[in-house]
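Going letter by letter, the sequence shown gives residues 62 to 370 in the working numbering. Glycine included, every Cβ here is placed at the ideal spot set by N, Cα and C. A quick write-up on the structure given underneath.
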Amino acid sequence: MPSYRLDLEYEGTRFHGWQEQKNARSVAGALRAALTESGVIVQDLLGAGRTDRGVHALQQTAVLRTARPIPELTRHRRELNDLVPPDLHVLRLAPCSDSFHARRDAKRRSYLYQIVTRRSAFARRHSWWVKTPLDIDAMRQSAALLAGRHDFALLSESAPDNDSSTIVVVEHVELQVHDAAVLIRFTASHFLYKMVRRTIGVLVKIGGGHVRHEDLASLLAVRARRELNDQVAEWTAPPAGLFLERVIYAGDPPLGPIRAPLPVASEPATTLPDTQSSTYPPAPPSRDETRRSPSRPAGRFPPNKRRRS
Numbered sequence: 062m063p064s065y066r067l068d069l070e071y072e073g074t075r076f077h078g079w080q081e082q083k084n085a086r087s088v089a090g091a092l093r094a095a096l097t098e099s100g101v102i103v104q105d106l107l108g109a110g111r112t113d114r115g116v117h118a119l120q121q122t123a124v125l126r127t128a129r130p131i132p133e134l135t136r137h138r139r140e141l142n143d144l145v146p147p148d149l150h151v152l153r154l155a156p157c158s159d160s161f162h163a164r165r166d167a168k169r170r171s172y173l174y175q176i177v178t179r180r181s182a183f184a185r186r187h188s189w190w191v192k193t194p195l196d197i198d199a200m201r202q203s204a205a206l207l208a209g210r211h212d213f214a215l216l217s218e219s220a221p222d223n224d225s226s227t228i229v230v231v232e233h234v235e236l237q238v239h240d241a242a243v244l245i246r247f248t249a250s251h252f253l254y255k256m257v258r259r260t261i262g263v264l265v266k267i268g269g270g271h272v273r274h275e276d277l278a279s280l281l282a283v284r285a286r287r288e289l290n291d292q293v294a295e296w297t298a299p300p301a302g303l304f305l306e307r308v309i310y311a312g313d314p315p316l317g318p319i320r321a322p323l324p325v326a327s328e329p330a331t332t333l334p335d336t337q338s339s340t341y342p343p344a345p346p347s348r349d350e351t352r353r354s355p356s357r358p359a360g361r362f363p364p365n366k367r368r369r370s
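Laid out in structure tokens, this is it:
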């Protein structure tokens, strides 16, 4: 059975996640429809992970198995991109081994979350605007606790069809500030349902001075006090700021430097004149002033020019 690796990007605002659903718009459903319309007989379409409703992907990976080979893959990829909706794009369509499994063969996954520290007319769909000032050093110090093997039972939510272990080995967590954006990257072999968004919510509470560094440690040790545990779900970060950044397989290039999915510049520092002492903008010159030449005083005539009577 011919097999193909698909790499995709999508803007998740109007999608109800990756997984195909009967009565909701999904990424896999839109992709399957386009494949079918292009003449491909889809036998199986499996993604590397299920992104939630409203979550974006800079590079999601899927494996496609078909009834017969797809000719001219480059041309077919262009045709697919003409058929998929504008908030979905096929980055790559390439043959792969019949044994390739998009989920099990992944070596690691990275998620990127974008917080913005100012209101932006453009970033609403792709970030979380946190209005309160954030202590970035405190957030970075607490983020360092997340690397390693931890039980994320108190920092995730059980998916309806998932009863697997809540133990996750996090390779590393990076936090960087780019202008008005705070970018947090999580890298691990796998992630639990709402794990990144709930952890982000706690980090923001730490940055705002509402939660202590020690409280995150107690959540990771599943020894948090009851009132803290009950509040974590309320602090879950919105999906708009979350991006599946990469799914990495053997032979893939490593992660590069963190880049903002939608850069947000800091607001310009402008100083306007005191409105009590002057007007802004300055009033235009009067009609008499515009008639006078700045090179000579009023009432004088230029040299070599005599007044005619």
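- Inside the stretch 228–258, DSSP marks whole beta strand (DSSP E) runs of 3 or more residues at positions 228–239 and 242–249, from first to last along the chain.
- No Cβ-Cβ contact shorter than 8 angstroms links Tyr172 with Val293.
- For the set Val191, Glu328 and Phe247, the Cα lying nearest the Cα of Gly269 is the one of Val191.
- Around the beta carbon of Gln82, a 10 Å sphere encloses fewer than 16 other beta carbons of the protein chains shown; the residue is thus reported as exposed.
- The stretch 79–121 contains, as complete beta strand (DSSP E) runs of 3+ residues, the segments 103–108 (chain order).
- Across the set Leu323, Leu206, Ser64 and His251, the C-alpha of Ser64 shows the shortest separation from the C-alpha of Leu134.
- In this structure, Val243 places its C-beta atom within 8 angstroms of the C-beta atom of Leu195.
- The Cβ-Cβ distance between Ala118 and Gly78 does not fall below 8 angstroms.
- By the C-beta criterion, the stretch 146–157 is judged not to be in contact with the stretch 101–110, since fewer than 3 inter-stretch pairs fall below 8 angstroms.
- Around the CB of His271, fewer than 16 other CB atoms lie within 10 Å, so the residue is classed as exposed.
- A Cβ-Cβ contact shorter than 8 angstroms links Leu154 with Leu67.
- Runs of the alpha helix (DSSP H) lying entirely within the stretch 129–201, each at least 4 residues long, are 134–144 in chain order.
- Beta-bridge annotation (DSSP): Leu280 is not paired with any residue.
- Bounds of the beta strand (DSSP E) holding Val308 are Leu303 to Ile309.
- CA-to-CA, the gap between Pro300 and Pro345 works out to about 50 angstroms.
- Here DSSP, grouped into helix, strand and coil, assigns Asp291 to helix.
- By the Cβ-count criterion, Thr97 is exposed, with fewer than 16 other Cβ atoms from all chains shown falling within 10 Å of its own Cβ.
- Across the set Arg259, Val103 and Ser181, the C-alpha of Val103 shows the shortest separation from the C-alpha of Ala128.
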